[in-house]
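Participant: One structure, as structure tokens, below. Some questions next.
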Amino acid sequence: MVRTVYTPEYCLQYLEQYASQENFVLGLILGQITEARENIIHLARTPEEKSSESSSEASYASDKPESARNLLGVSEAWVADHAKHVTRMLPGGIFVQGIFITSDEDIFEDPNYFSKVKSVLNYTYKALSGNQYMYANYPHSNERLILHMSTNTKVLTCKSIEVGSGKSTAIKNVEWKFVAKPQQWQRLDCYYEFDDVYPVVVKKSGISVKHQFQQILESAHKTIESSVMFIDGELKDGSEALEQLIKKKRPKNSAKSAQEIPKSMHVSLFVPFENSLPETVEYLECDGSIHFSGVVSSSVFMYPKATVSETIAAVKQDIIRSLASRFTMHCDALIDDNLLPEEKVCFNEPPRRVLVPVGSLYLCDYLFPGEAPAEALLSVKELLDLQITEADVVCDVETPADTSEFDALDRDASSEELLATPLEASQFMYITGICFAMFVLIVSIFIHYYDTIALCIFKLLARS
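Read in this note's numbering, the sequence shown has 94 at position 83, and its numbers run on one by one without any break.
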């Protein structure tokens with residue numbers, strides 16, 4: 012059976028735009044796979060590689076790039092780095108599904124070019140597997156798409172190969188269908204609140220922020236994976252399709268068109284009581300604690316024929332992927348990963364989430380404290396090859412962190428330091444007072460019995 016994928020028609024125009032310029036272009040294919048259908052949502056051109064030696068996290072800048080003239084000049088690490096950045100912007104249930112290429116070479120017939128394609132896909136797959144909490148690779152299949160448009164003939168060819176196995180795999184044909192009508196998506200919104208306390212053990216080198224965040228991420232992953240999901244306040248059958256839930260809620264006499272985009276569904280995650288208790292209890296002597304508090308906004312977009320089980324997995328992926336993305340970005344922005352033990356109270360605020368439109372759904376970006384929505388425009392242009400306006404960025408899904416509790420803790424810590432000196436001074440004064448009282452007592456006794464003491468001293472001197 013031939014694999015079939017569906018994509019909006021504007022993606023064809025996107026490919027033709029580059030093919031008509033007779034330029035070599037490589038980019039990422041972003042999409043969602045469900046049992047009902049595989050949908051491609053966007054094609055994102057990979058930024059042209061900089062001439063600098065490093066292709067690090069911060070290498071996507073506005074410096075003038077140096078174009079790769081053909082596929083053989085492409086760096087696998089550069090494409091993988093692009094895939095990492097883009098994955099952070101994807102809601103749960105959507106993945107990097109492969110790469111697209113516009114060139115005048117036949118990449119499927121030329122062994123050198125096809126070997127390079129496989130190398131790029133395998134390198135990207137391994138790079139995305141480095142952080143399990145990013146859910147960067149689609150978990151149920153290792154097949155990746157290769158879409159090619161010839162700049163000479165404008166012929167479009169799509170195939171797939173298996174990656175990550177290290178073995179020679181067969182090339183499979185893929186039927187690529189463009190859909191004229193906009194794809195309808197079912198939106199599911201969830202607000203998941205974190206309010207947990209974690210112990211901190213100070214080592215000689217200090218406290219590693221990255222290590223502490225990793226522990227929080229592991230704990231959050233276990234909790235969310237064990238949680239039960241309710242849709243619109245009800246527990247649903249996992250095999251039921253989302254569109255069936257919509258039909259059940261819609262009145263029979265409703266005049267709504269079947270093509271109308273359905274309203275958002277509200278999702279709630281609850282942790283069963285028995286799963287909220289620790290498996291074992293141990294006493295640990297710690298030097299401090301981390302209070303991890305805040306609300307993560309999750310907006311997931313699913314194909315209406317997707318099942319409830321697929322939706323549950325997407326929502327959980329989205330929350331964990333969002334946390335992993337923020338922690339990574341926050342740690343990369345730190346000047347020093349270690350906190351000094353002398354710091355009694357330290358406040359860390361990872362970036363907050365904003366939504367950016369892509370076609371008929373939303374992807375996301377993250378803004379650090381103090382950054383304006385205009386910052387998201389740069390990321391969308393650079394990583395997704397899209398032009399949007401500042402008004403298109405949805406900034407109210409999450410609010411900036413409330414620092415009042417932190418300020419109160421900081422004041423308490425300062426008060427403790429201020430109170431430490433008077434306490435020590437009072438102890439000194441207490442001891443000094445006792446010594447002075449003893450001195451006065453001795454002097455008083457000496458004065459009272461002066462005659463007797465003087466007589467005794469005189470007799471002792473006379474005998475000697």
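Beta carbons are placed, not taken as given, at the ideal position from N, Cα and C, and that holds for glycine.
Compare the Cα-Cα distances from phenylalanine 119 to each of Pro150, Lys183, Tyr460, Leu452 and report the closest residue.
Facilitator: Position 108 of the sequence shown, counting from 1, holds the residue named residue 119. Minimum Cα distance to phenylalanine 119 is reached at Lys183.
Participant: Do the stretch 25-43 and the stretch 99-115 make contact, defined as three or more Cβ pairs closer than 8 Å?
Facilitator: Yes: at least three Cβ pairs fall under 8 Å.
Participant: How is the alpha helix (DSSP H) around aspartate 329 delimited, first residue to last?
Facilitator: Mapped onto the sequence shown, residue 329 falls at position 318. It spans 319-344 - the alpha helix (DSSP H) in which aspartate 329 sits, taken as one unbroken run.
Participant: Specify the secondary structure class of glutamine 197 as computed by DSSP and reduced to three states.
Facilitator: Reading the sequence shown from its first residue, position 186 is the one you call residue 197. It is a strand residue.
Participant: Compute every distance between the C-beta of arginine 99 and the non-hydrogen atoms of the ligand ZN, then say whether any falls below 8 Å.
Facilitator: With respect to small molecules bound, the structure shown includes none, and the ligand ZN cannot be examined in it.
Participant: What's the C-alpha gap between aspartate 462 and isoleucine 442?
Facilitator: Taking the sequence shown and counting its residues from 1, one reaches residue 462 at position 451. Taking the sequence shown and counting its residues from 1, one reaches residue 442 at position 431. For aspartate 462 and isoleucine 442, the distance between alpha carbons rounds to 32 Å.
Participant: Buried or exposed: alanine 335, going by 16 or more other Cβ atoms within 10 Å of its Cβ?
Facilitator: Against the sequence shown, residue 335 aligns to sequence position 324. Buried: at least 16 other Cβ atoms inside 10 Å.
Participant: Contact defined as beta carbons within less than 8 Å: I believe valine 369 pairs with aspartate 376. What is the distance between those atoms, to the nearest angstrom?
Facilitator: Position 358 of the sequence shown, counted from the start, is the residue given in the question as residue 369. Position 365 of the sequence shown, counted from the start, is the residue given in the question as residue 376. Their Cβ separation, rounded to whole angstroms, is 11 Å, which puts valine 369 and aspartate 376 out of contact at 8 Å.
Participant: For the 8 Å Cβ check, are there 3 or more pairs between the stretch 246-259 and the stretch 301-318?
Facilitator: Yes, they touch.
Participant: With a CB to CB cut of under 6 Å and the five nearest residues on each side skipped, what residues in its chain are close to threonine 15?
Facilitator: Counting from 1 along the sequence shown, the entry for residue 15 is found at position 4. Glu186.
Participant: For aspartate 207, does the three-state DSSP call read helix, strand or coil?
Facilitator: Here residue 207 is taken as the residue at index 196 of the sequence shown, counted from 1. The answer is strand: DSSP assigns aspartate 207 an E or B state.
Participant: Would you kindly report the start and end of the unbroken alpha helix (DSSP H) that includes lysine 260?
Facilitator: The residue given as residue 260 occupies position 249 in the sequence shown. Its alpha helix (DSSP H) spans residues 253-260.
Participant: In the DSSP assignment, what are the bridge partners of glutamine 28?
Facilitator: The sequence position of residue 28 within the sequence shown is 17, counting from 1. Glutamine 28 pairs with nothing; no bridge assigned.
Participant: So within the stretch 71-130, which uninterrupted alpha helix (DSSP H) runs reach at least 4 residues, ignoring any that extend past its ends?
Facilitator: Listed in chain order, the complete alpha helix (DSSP H) runs (minimum 4 residues) inside the stretch 71-130 are 87-99.
Participant: Could you check if leucine 472 is buried or exposed, using at least 16 other CB atoms within 10 Å of its CB as the buried criterion?
Facilitator: Taking the sequence shown and counting its residues from 1, the one referred to as residue 472 is at position 461. Exposed.
Participant: Leaving aside the five residues before and after serine 130 along the sequence, list all residues of the same chain whose C-beta is less than 8 Å from its C-beta, in chain order.
Facilitator: One-based indexing of the sequence shown puts residue 130 at position 119. If we look at serine 130 and ignore the five residues flanking it on each side, its Cβ neighbours are Glu87.
Participant: Taking the alpha helix (DSSP H) that valine 220 belongs to, which residues open and close that run?
Facilitator: Position 209 of the sequence shown, counted from the first residue, corresponds to residue 220. Valine 220 -> alpha helix (DSSP H) spans 220-236.
Participant: Below 9 Å between beta carbons: does that hold for leucine 394 and methionine 100?
Facilitator: Within the sequence shown, numbered from 1, the residue matching residue 394 stands at position 383. Within the sequence shown, numbered from 1, the residue matching residue 100 stands at position 89. Cβ distance < 9 Å, so leucine 394 and methionine 100 count as in contact.
Participant: Mapping the DSSP letters down to three states, classify serine 179 as helix, strand or coil.
Facilitator: By 1-based counting over the sequence shown, the position of residue 179 is 168. Residue state, collapsed to three classes: coil.
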